[in-house]
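Protein chains in written order, with numbering that gives the first Met the number 0: chain H, 0 to 371; chain C, 0 to 333; chain Y, 0 to 172; chain P, 0 to 145.
Backbone N, C-alpha and C fix where the C-beta goes; we use that ideal spot for every residue, glycine too.
Worksheet: the structure to be examined is printed underneath.
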Amino acid sequence: MNSPIELQPDETFILNVGPQHPATHGVLRVKMEMSGEYIVQAETVIGYIHRMHEKMGEIKTYPQFLMNLSRMDYLGALGYSHGHVLLIEKASAIEVPERAEYIRAITVEMNRIASHLFWFGAFVMDLGGFSPLMYALQDREHILDILERVTGSRLTYCYYRFGGLYNDVDDEFVSATRRFIPRMRKSLKKYHKLVTGNIIFRKRLEGIAPLSQEMCRKYGASSAVARGSGINFDVRKNEPYSVYPEFDFDVPVFHECDSLARYNVRMEEMEQSLRIIEQGLDKLPDGPIMPVKKPKLIKPPAGDYYQAVETARGSFGIRLVSDGGKSPYRLKLRSPTYSNMHLFDEACRGMLITDALAFMGSLDLVIPEIDR
Amino acid sequence: MSLTLLNVIVAVVIAIGFAALNAAYLVWAERRGAARIQRRPGPNINGPFGLLQPPLDGIKLMAKQLTIPGGADKVLFVAAPVLAMFPAIMSFVTIPFSETIVAKNMNVGVLMIFAFASMGGMSLVFAGWSSRNKYAMMSSVRAVSQAVAYEIPMLITTITVVMIAGSMDLMEIVRQQSGSILNWNILPIFGTSHNILMPMSFLIFFTCTLAETNRAPFDLGEAESELVAGFHTEYGSMGFGLFFMGEYANIVIGSCLTTILFLGGWNAPLPFLSFIPGVFWFLLKLYMLIATFIWIRWTFPRTTIYGLLNLSWKILIPLSLFNLLFTAGLMKVF
Amino acid sequence: MILEKTKLALQNLFPASEPNEVPTKEAGEEQDKKIPEEPRQNGVLERNYAVHGYHLDAQVAPDQLLDAITILDEAKYFIESITGVDWIKENQLEVIYDFARYDFDLCRVVIRTRVDRKKPVVPTITGIYAGANWHERETHDFFGIKFEGHPHLIPLLLPEDADYHPLLKDFKA
Amino acid sequence: MVTYFSEIYHGLISLFVGMGITFKEFFKPTVTVSYPYETLTMCDRYRGHIELIEDEEGKPNCVVCGLCERACPSNCISLAGEKPEGEKKKVLTKYILDFTTCSLCGSCVESCNFNALTFSKEYNLASTRKEDFIFDLLKRLEDRNK
Chain H
0 MNSPIELQPD ETFILNVGPQ HPATHGVLRV KMEMSGEYIV QAETVIGYIH RMHEKMGEIK
60 TYPQFLMNLS RMDYLGALGY SHGHVLLIEK ASAIEVPERA EYIRAITVEM NRIASHLFWF
120 GAFVMDLGGF SPLMYALQDR EHILDILERV TGSRLTYCYY RFGGLYNDVD DEFVSATRRF
180 IPRMRKSLKK YHKLVTGNII FRKRLEGIAP LSQEMCRKYG ASSAVARGSG INFDVRKNEP
240 YSVYPEFDFD VPVFHECDSL ARYNVRMEEM EQSLRIIEQG LDKLPDGPIM PVKKPKLIKP
300 PAGDYYQAVE TARGSFGIRL VSDGGKSPYR LKLRSPTYSN MHLFDEACRG MLITDALAFM
360 GSLDLVIPEI DR
Chain C
0 MSLTLLNVIV AVVIAIGFAA LNAAYLVWAE RRGAARIQRR PGPNINGPFG LLQPPLDGIK
60 LMAKQLTIPG GADKVLFVAA PVLAMFPAIM SFVTIPFSET IVAKNMNVGV LMIFAFASMG
120 GMSLVFAGWS SRNKYAMMSS VRAVSQAVAY EIPMLITTIT VVMIAGSMDL MEIVRQQSGS
180 ILNWNILPIF GTSHNILMPM SFLIFFTCTL AETNRAPFDL GEAESELVAG FHTEYGSMGF
240 GLFFMGEYAN IVIGSCLTTI LFLGGWNAPL PFLSFIPGVF WFLLKLYMLI ATFIWIRWTF
300 PRTTIYGLLN LSWKILIPLS LFNLLFTAGL MKVF
Chain Y
0 MILEKTKLAL QNLFPASEPN EVPTKEAGEE QDKKIPEEPR QNGVLERNYA VHGYHLDAQV
60 APDQLLDAIT ILDEAKYFIE SITGVDWIKE NQLEVIYDFA RYDFDLCRVV IRTRVDRKKP
120 VVPTITGIYA GANWHERETH DFFGIKFEGH PHLIPLLLPE DADYHPLLKD FKA
Chain P
0 MVTYFSEIYH GLISLFVGMG ITFKEFFKPT VTVSYPYETL TMCDRYRGHI ELIEDEEGKP
60 NCVVCGLCER ACPSNCISLA GEKPEGEKKK VLTKYILDFT TCSLCGSCVE SCNFNALTFS
120 KEYNLASTRK EDFIFDLLKR LEDRNK
């Protein structure tokens, strides 16, 4: 009889999780050195769908690059576009009408909820529960329907323009969004009852994968990964941009540092986003959605510009080095999950594979966004 | 003599047919049920309500090539799926569906079913070991510890019932619960047991059945988000189909046993309803239990391997031992 | 304020050049435009946050890099990203380190260092910030900048046998 | 000891609560659309591939200015025109959309100043051949008018 698995002399073996593994949500690969079910060491291998967005940024003109941003993170696309337009508007001193900024904030928050809903479903599916994914997708469908009526597409919105928006929202959008808010609140209650309170679910997450604040800092973690470790960091509050200072909302922070804390942060964030949407609809001013003098040719003056925004996945930074030309001299995209995923190698040492994959789910990975 | 032999053969054939039919259509029921829970229609294209889906799936699986991974242990690799199906079918032989419908009643029926149930674990080990796949190997190691951990509370709980009935004969156990719903073993005080802890034993037994049949939330063997597909990662074609059917056949056996031990077997819940044949009541209870299995699977996330072992060793085994002692004490007193 | 503290600490790296930097800071806008034309002296600049999106801009020599990063580490900054810029006209490669803070004391710091295009070698900062690992590997992929002392400098985003550096300005696909 | 039992109790309760929710969902109507048998109409702003707009005479509005070609980030539009004798305007002779590289951003429609381009509402596009996605929009326009 031949031996199916040849153990290394030191009784560890290499387990190749990915690039085609159900828990990695895409083409991510983790080489794990295992001792039984325990991980001795892990090395994350990324880059399977690297598309070199930064080079495209250098080749294309500023408006042509607009649609690339929504290809980075297909779940929370609007947040990334928001960062891009804010940066170019800042660099070339374009005034944005107030109505446009409000609509941007509302749609970004809607997109954030949609993204978190998908994460919620996928996360519970990582833990083996399938039905919550379907419930989450039902609610997400509503958001996508609303956004589709406005932007014209369901996933890769190319909605923001330098100076404003692609087209205006109508009353139907406002009323549909208003109808959505109570519905979503009800659904969140259902999710809490079905999933958050569930003893199996809690047992799987409580105390799993503690991340210290120091570790978050060394790796530059943001979003729920940092906030679940007791770091009160949200770019919308720390470094207010757009019309966010006008809104009254809280940044949920949990101090348990474990996977459950990260879960709780995101669930709470959905409630807060609903609050922002509600206020935004109340305050939505009338007016144009593009500046009176529509910027024709975008040529930011030479220099170095940086803009950070809080997307659904964390602090997204975009750096523009301009030489005054029609296209950027250098465009750097700092994607939040890149830093969050980087934590994994160090944090998962000594963990069971079950817990490590649950931890990976709690990081909220979108692989195209890591690979760019 | 020859008549009895013929009887047995016919009964065995019927048992196999019943098991296979159930396994096939439970897949359909599960898919429809899951879809309803998730507010989808489920399979509804092939035939009315999608009822032709299972045979078509079967044909598709049979038409596929059975690939054996390089370096795999061929004999065990092929034997494992058969071994998964075989014990489940054999167990049907001794299950009484009513007073008369039973292939071969034995006075140690309980023992026989448990003997075959233990063999089910072997097939997982064989499959995992012979596949030459690390995920499958890890899964089979899990399967062993799971089987060991859950057979103990299951057996202890069964001993409690056997103690009350004073027999290992399944028919005898059912007969003692006849009369009305009040005599069923699941009920505290009133039942034949006069034992206040009986609902708890039912829960323990039911949980163990879930774990023994590798059903969610205890499906750690195949845990698709961790181990890809666990022990049957390398199986395709009918090898996979047999594992699949074996799983459902095991569910039927587990539910049959639960019905017989706790829910009064073929007895009608109320005496005046006993004009309806016993087999109807038996199947009703059986399918309600199976529906619960499906319902649970589509509600809960999966436990972890240590969560599963903790549940068994820290909660189920102490409770079932206490239950056993308590029942023994009660029987001594009354 | 952390801004002043960090600035002072960073300025201590350049004892001689400090007086020169004071006027640039006050001049603000007009100075910025000249930067691409004339090579900038090493030193600390305070930038207009509303325009540029960051507060402090320090250009250091490669051998001062670790000192500068240590100052930021001690002041509890977190690492945002590391990237490069190819200044082909000046025959130089620039490495840019972005840092920000978790608390409400808003201060974004940019550390830059310039190396020769022919021999692009900078010390690694993975010893100070473990999270710099992937960022440095990515910068190595795209620009071919070698981070001396990096524990695992193999391609990250590019294929493992990639021997080209796509973000260099003279790269032809 | 108390925590041990209270944990078991609360755990069990939480399981039953969860089962209650899925039980309720079981009886709710389905929400899905069984796609090939029933389809949804696309909303007004839906961005499909582009299509030429015709004037009253059935001729395209396009004046072959080439703005769309230049605005396109992925170079998927190629068009040509000629100026017939005695006419002031150029006439479109070729408009090819390479849909395989199109990213549906809508830059072309936005850049058009002559109301010559619009989004189609077509989304049932599937083929095993790459050539099927190189659309000749002029031909499509003629086919539409037949």
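So residue i and residue j are in contact, right, with Cβ under 8 Å, and what is the actual spacing, rounded?
{"i": "S373 of chain H", "j": "Y61 of chain H", "result": "Summary: the structure shown does not reach residue 373 of chain H, with chain H confined to residues 0 through 371, and so no result is reported for it."}
{"i": "P290 of chain H", "j": "S321 of chain H", "result": "That belief does not hold up - the Cβ atoms of P290 of chain H and S321 of chain H are roughly 20 Å apart, past 8 Å."}
{"i": "R177 of chain H", "j": "L280 of chain H", "result": "6 Å"}
{"i": "G263 of chain C", "j": "N194 of chain C", "result": "With a Cβ gap of about 15 Å, G263 of chain C and N194 of chain C do not count as contacting."}
{"i": "I288 of chain H", "j": "I102 of chain H", "result": "7 Å"}
{"i": "L260 of chain C", "j": "F204 of chain C", "result": "7 Å"}
{"i": "T212 of chain C", "j": "I199 of chain H", "result": "That belief does not hold up - the Cβ atoms of T212 of chain C and I199 of chain H are roughly 17 Å apart, past 8 Å."}
{"i": "M183 of chain H", "j": "L146 of chain H", "result": "M183 of chain H to L146 of chain H, Cβ: 14 Å. No contact."}
Can you pull the chain D residues whose beta carbon is under 9 Å from the beta carbon of residue i, in chain order?
{"i": "V16 of chain P", "result": "In summary, chain D is missing from the structure at hand, where the protein chains are H, C, Y and P."}
Check residue i in the structure and name its three-state DSSP category.
{"i": "L323 of chain C", "result": "helix"}
{"i": "S126 of chain P", "result": "coil"}
{"i": "K32 of chain Y", "result": "Confidence in K32 of chain Y is poor, its pLDDT being 46 and thus under 50, which makes the residue's placement unreliable; the coordinate value appears in the next sentence. Looking at K32 of chain Y - three-state DSSP - the assignment turns out to be helix."}
{"i": "P131 of chain H", "result": "helix"}
{"i": "N106 of chain C", "result": "coil"}
{"i": "D169 of chain Y", "result": "coil"}
{"i": "I289 of chain C", "result": "helix"}
{"i": "S34 of chain H", "result": "strand"}
{"i": "I110 of chain Y", "result": "strand"}
{"i": "V84 of chain Y", "result": "strand"}
{"i": "A417 of chain H", "result": "No statement about residue 417 of chain H is possible, as the shown extent of chain H runs from 0 to 371 and does not include it."}
{"i": "V120 of chain Y", "result": "strand"}
{"i": "E55 of chain P", "result": "coil"}
{"i": "S149 of chain P", "result": "The structure shown does not extend to residue 149 of chain P, since chain P is modelled only from 0 through 145, so no value can be given for it."}
{"i": "R301 of chain C", "result": "coil"}
{"i": "F98 of chain P", "result": "coil"}
Going by beta-carbon coordinates alone, are residue i and residue j separated by less than 8 Å?
{"i": "F77 of chain Y", "j": "G324 of chain H", "result": "no"}
{"i": "G17 of chain P", "j": "T298 of chain C", "result": "yes"}
{"i": "F12 of chain H", "j": "K133 of chain C", "result": "yes"}
{"i": "E225 of chain C", "j": "A22 of chain H", "result": "yes"}
{"i": "G127 of chain C", "j": "A135 of chain C", "result": "yes"}
{"i": "A18 of chain C", "j": "V251 of chain C", "result": "yes"}
{"i": "L92 of chain Y", "j": "V114 of chain Y", "result": "yes"}
{"i": "H254 of chain H", "j": "G286 of chain H", "result": "no"}
{"i": "F239 of chain C", "j": "L60 of chain C", "result": "yes"}
{"i": "D72 of chain H", "j": "E368 of chain H", "result": "yes"}
{"i": "L65 of chain H", "j": "C111 of chain P", "result": "no"}
{"i": "R226 of chain H", "j": "G75 of chain H", "result": "no"}
{"i": "L342 of chain H", "j": "S258 of chain H", "result": "no"}
{"i": "L160 of chain P", "j": "L51 of chain P", "result": "Chain P is shown only over 0 to 145; residue 160 of chain P falls outside these bounds and no answer can be derived."}
Among residues of its own chain, excluding the 5 on either side of residue i, which ones have a beta-carbon nearer than 8 Å to its beta-carbon?
{"i": "Q271 of chain H", "result": "F248, D249, V250, P251"}
{"i": "L296 of chain H", "result": "K325"}
{"i": "L71 of chain Y", "result": "T5, F98, V108, I110"}
{"i": "F325 of chain C", "result": "N194, L196"}
{"i": "L6 of chain H", "result": "The predicted position of L6 of chain H is uncertain, since its pLDDT is 49 and thus under 50; a value taken from the coordinates is nonetheless stated next. Taken in chain order, the residues that qualify are F12."}
{"i": "I127 of chain Y", "result": "L65, I68, T69, D72"}
Cutting at 6 Å between CB atoms, please list the residues of its own chain near residue i, excluding the five before and the five after it.
{"i": "A146 of chain C", "result": "G120"}
{"i": "A267 of chain C", "result": "S273, W280"}
{"i": "S200 of chain C", "result": "T156, T159, N322"}
Shorter than 7 Å, the distance from the beta carbon of residue i to the closest heavy atom of the ligand PLP, or not?
{"i": "E57 of chain H", "result": "Absence of the ligand PLP from the depicted structure is noted, as is the absence of any ligand whatsoever, leaving it without description."}
Please list, in chain order, all residues of the same chain as residue i whose beta carbon is under 7 Å from its beta carbon, the five residues on each side excluded.
{"i": "D97 of chain P", "result": "C75, I133"}
{"i": "K185 of chain H", "result": "none"}
Kindly provide the ranges of any beta strand (DSSP E) runs that are 3 or more residues long and lie completely inside the segment 105 to 163 of chain C, ordered along the chain. none
Mind listing, in chain order, the continuous alpha helix (DSSP H) runs of no fewer than 4 residues lying wholly within the segment 240 to 266 of chain H? none
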